[in-house]
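Take a look at the structure below.
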Ligand SMILES: C[S@@+](CC[C@H](N)C(=O)[O-])C[C@H]1O[C@@H](n2cnc3c(N)ncnc32)[C@H](O)[C@@H]1O
């Protein structure tokens, strides 16, 4: 059972195939189950990889309350509906995706390269596919249930690719716990680097709690509401930034931004018109300033 937000399992235990690159210790899954799987609850893993969760549920004698899948055995999280594959919603879902392209799975750990393998995508496609996978997982979780994503970050060509932070932003439900897991026995531990660098020695287990029941239609509704809120919030920030530099009449503002309004697919001027009349701005002698 977790009793700290930082965990370390130097001995990974005997769960799963330790030769399967990127495998995790089963001990963190046992702790997750202890905290979040109700008695008689259903547990799901849509990307079992080397079978760690399978060994864990056998060890805990709960295999009859478990469903496990992976692209390597025909289930595709970005094409197939997880709820339909399981047959019902789950109480707890554990998802351990590839950490971007850090390790290739198809064509390396199994089979031929697969176009929907999350580990073989551009950064942009990975973000889109991860979002789709997370919404699929959320819909497959019972209201009041939980899903947990174990994910680490990556350094590539001088950039820090913060996949765990991205996961937090993409998941459609509130984050309720963040567990930092110290990493042990990584292939990169033995690598020598030309310049001194701070080794990434942790992963995160992000635990989300499912609110009310959702499906693909309600998900779309939520996304549309979120998009217009985000659009207005971003325009407000940028308007404030413009007003930090000087005061403006509405005409001056619209003339200056005309080229953006023309090329943007969004309704820029109606948004600005609306925001200028809010409590964030005031007008003195026909000129707007920050309130
Ligand atoms: C980090 S590994 C999981 C390791 C596993 N937890 C273990 O301990 O062995 C990620 C897995 O995601 C799978 N995967 C990649 N794309 C997928 C997709 N579209 N649908 C389902 N699984 C996918 C890969 O085949 C790989 O086994």
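Numbering (full-length UniProt numbering), first residue to last: 1 to 291.
The C-beta atom is built at its ideal place from N, Cα and C for all residues, glycine as well.
Taking C-alpha positions only, residue 63 is separated from residue 57 by approximately 5 Å. Look at residue 122 here: in three-state DSSP terms it is coil, with no helix or strand label. In this structure, residue 163 has its beta carbon at no less than 8 Å from each heavy atom of ligand 1.
Comparing alpha carbon positions, the residue from 16, 114, 99, 113 closest to residue 68 is 16. In this structure, residue 104 and residue 150 do not form a Cβ contact; the two beta carbons are roughly 19 Å apart against a cut-off of 8 Å.
In the same chain as residue 177, and ignoring 5 residues on each side of it, the C-beta atoms closer than 7 Å to its own belong to 207, in chain order. Judged by pairs of C-beta atoms under 8 Å, the stretch 72-91 touches the stretch 101-121, as three or more such pairs exist. Going by DSSP, residue 194 is part of no beta strand (DSSP E) at all; its letter is neither H nor E. At the C-beta level, residue 53 and residue 45 come within 9 Å of one another. In this structure, residue 173 and residue 211 form a Cβ contact; the two beta carbons are roughly 6 Å apart against a cut-off of 8 Å.
Residue 203 sits in a strand when the DSSP states are folded into three classes. The DSSP-derived three-state label of residue 287 is strand. DSSP places residue 142 in the strand class (E or B) of the three-state scheme. Our two residues, residue 202 and residue 169, have alpha carbons roughly 19 Å apart in a direct line. Nearest Cα to residue 42 within the set 123, 89, 124: 89.
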